[in-house]
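Chemist: What follows is a structure written as structure tokens; I'll ask about it next.
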Amino acid sequence: MSDSVKIKDLRTPEAIECGSMAIIDAEVPEPRPYAGDEWIVVRRMIHATADFELLDLVRFHPDAVTAALNALAHGGLVLTDTEMARAGLPVRRFEPFGSRVECLMNDPEVIRRAGEQGSTRATVAVDVAAERYGGLAGAILLVGNAPTALLRILERCRDGSIAPALVLGMPVGFVNAAESKALLMEQSFVPYIAVSGRKGGSALAAAALNALAQLALDRRSADQHRS
Numbered sequence: 006m007s008d009s010v011k012i013k014d015l016r017t018p019e020a021i022e023c024g025s026m027a028i029i030d031a032e033v034p035e036p037r038p039y040a041g042d043e044w045i046v047v048r049r050m051i052h053a054t055a056d057f058e059l060l061d062l063v064r065f066h067p068d069a070v071t072a073a074l075n076a077l078a079h080g081g082l083v084l085t086d087t088e089m090a091r092a093g094l095p096v097r098r099f100e101p102f103g104s105r106v107e108c109l110m111n112d113p114e115v116i117r118r119a120g121e122q123g124s125t126r127a128t129v130a131v132d133v134a135a136e137r138y139g140g141l142a143g144a145i146l147l148v149g150n151a152p153t154a155l156l157r158i159l160e161r162c163r164d165g166s167i168a169p170a171l172v173l174g175m176p177v178g179f180v181n182a183a184e185s186k187a188l189l190m191e192q193s194f195v196p197y198i199a200v201s202g203r204k205g206g207s208a209l210a211a212a213a214l215n216a217l218a219q220l221a222l223d224r225r226s227a228d229q230h231r232s
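Residue numbers (this note's numbering): 6 to 232.
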């Protein structure tokens, strides 16, 4: 092995993760652009992508973190727009609250209706989810891929036909990705966490929600120890 390359002797997943977080903390010294729980979320997003440009791109609605923690504490549904995002959300982080993580992109009814309507599965999945899950009341909606899903969510929030607790708006790409997120950040009827511009993705959105779920677990554990 080359003497010029210094390999850190970190072998367990826990040690590697702690080492990564320590590096991020060191490279983003105080005062940081995000504080408290928001920094925990953004740090996890940087950890997932090694992209420090996120320091200028992540936007939080003032009630976003509180809304997420309350939704999880009450067993709120989590709906993702890709199977990749669902796969990135470990059951162990959501099962303790009774929260289910669902993705309807491959649902037969979604596929059928999308074909009949000449629409995208992502758009139709929002409508089918609203029908199946009580207007998505108290749900966390995670969009990491499809701007059409985010646009449909905004339409239905605006007309009052769905009432999610939080929208994670992080679709990636060139066609309506930045625009759909700009609309999300302009509205005031649903709390959100968004990544402005073209960047985003399922892994990024899942990282943000994993950070929120871990915060919720930590707070529940602390409450149990106090009681």
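The beta carbon of each residue, even a glycine, is placed where N, CA and C say it ideally should be.
Count the other CB atoms within 10 Å of the CB of residue 180; is the residue buried (16 or more) or exposed (fewer)?
Modeler: Start at 1 with the first residue of the sequence shown, and residue 180 comes out as number 175. With fewer than 16 Cβ atoms within 10 Å of its Cβ, residue 180 is classed as exposed.
Chemist: Assuming residue 90 and residue 149 are in contact, meaning their beta carbons sit under 8 Å apart, how far apart are those beta carbons, in whole angstroms?
Modeler: The residue given as residue 90 occupies position 85 in the sequence shown. The residue given as residue 149 occupies position 144 in the sequence shown. Confirmed, Cβ separation roughly 5 Å.
Chemist: Assuming residue 110 and residue 88 form a contact by the criterion Cβ under 8 Å, report the distance between their Cβ atoms to the nearest whole angstrom.
Modeler: Here residue 110 refers to the residue found at position 105 of the sequence shown. Here residue 88 refers to the residue found at position 83 of the sequence shown. With 8 Å as the limit, residue 110 and residue 88 qualify as a contact, their Cβ atoms being about 6 Å apart.
Chemist: Identify whether residue 6 lies in helix, strand or coil by the three-state DSSP scheme.
Modeler: Your numbering for residue 6 matches position 1 in the sequence shown. Note that residue 6 scores 49 on pLDDT, short of 50, meaning its location in the model is unreliable and no value can be drawn from it.
Chemist: Hey, how far is the Cα of residue 161 from the Cα of residue 16?
Modeler: Taking the first residue of the sequence shown as position 1, residue 161 is located at position 156. Taking the first residue of the sequence shown as position 1, residue 16 is located at position 11. If I take the Cα positions, the gap works out to 47 Å.
Chemist: Do we get a CB-CB distance below 8 Å when we pair residue 80 with the residues of chain C?
Modeler: Structure shown: chain C not included; a single protein chain is present.
Chemist: For residue 194, count neighbouring Cβ atoms within 10 angstroms of its own Cβ and tell me buried if that reaches 16, exposed if not.
Modeler: Looking up residue 194 in the sequence shown gives position 189. Residue 194 should be labelled exposed.
Chemist: Cα separation between residue 61 and residue 106?
Modeler: Within the sequence shown, residue 61 is the residue found at index 56, counting from 1. Within the sequence shown, residue 106 is the residue found at index 101, counting from 1. One C-alpha to the other measures close to 29 Å.
Chemist: Count the other C-beta atoms from every protein chain shown that fall within 10 angstroms of the C-beta of residue 99, then say buried if there are 16 or more, exposed otherwise.
Modeler: Within the sequence shown, residue 99 is the residue found at index 94, counting from 1. Counting Cβ neighbours within 10 Å, residue 99 comes out buried, since at least 16 surround it.
Chemist: Pull up the distance between the alpha-carbon of residue 220 and that of residue 26, whole angstroms please.
Modeler: As a first step, residue 220 must be located in the sequence shown, where it is residue number 215. As a first step, residue 26 must be located in the sequence shown, where it is residue number 21. C-alpha separation (whole angstroms): 15 Å.
Chemist: Tell me, which residues are paired with residue 64 by DSSP?
Modeler: Here residue 64 refers to the residue found at position 59 when the sequence shown is read from its first residue. Note: residue 64 sits in a beta bridge opposite 199.
Chemist: When we look at the beta-carbon of residue 81 and count the other beta-carbons within 10 Å, is it buried (16 or more) or exposed?
Modeler: As a first step, residue 81 must be located in the sequence shown, where it is residue number 76. That one is buried.
Chemist: Just to confirm my understanding: we take residue 159, look at its own chain, exclude 5 residues before and 5 after, and list those with CB closer than 7 Å. What are they?
Modeler: Against the sequence shown, residue 159 aligns to sequence position 154. So the list reads 188, 189, 192, once near-sequence residues are dropped.
Chemist: Identify whether residue 177 lies in helix, strand or coil by the three-state DSSP scheme.
Modeler: Residue mapping note: residue 177 aligns to position 172 of the sequence shown, counting from 1. Residue 177 falls in the coil class under three-state DSSP.
Chemist: According to DSSP, which residues form a beta bridge with residue 23?
Modeler: Here residue 23 refers to the residue found at position 18 of the sequence shown. Answer by DSSP bridge pairing: none, since residue 23 is not bridged.
Chemist: Which value, in whole angstroms, describes the spacing of the CA atoms of residue 134 and residue 123?
Modeler: For the purposes of this step, residue 134 is taken as the residue at position 129 of the sequence shown. For the purposes of this step, residue 123 is taken as the residue at position 118 of the sequence shown. If I take the Cα positions, the gap works out to 18 Å.
Chemist: Grab me the residues of residue 142's own chain with a C-beta within less than 7 Å of its C-beta, minus the 5 sequence neighbours each way, in chain order.
Modeler: As a first step, residue 142 must be located in the sequence shown, where it is residue number 137. Excluding positions up to five away in sequence, the list reads 168.
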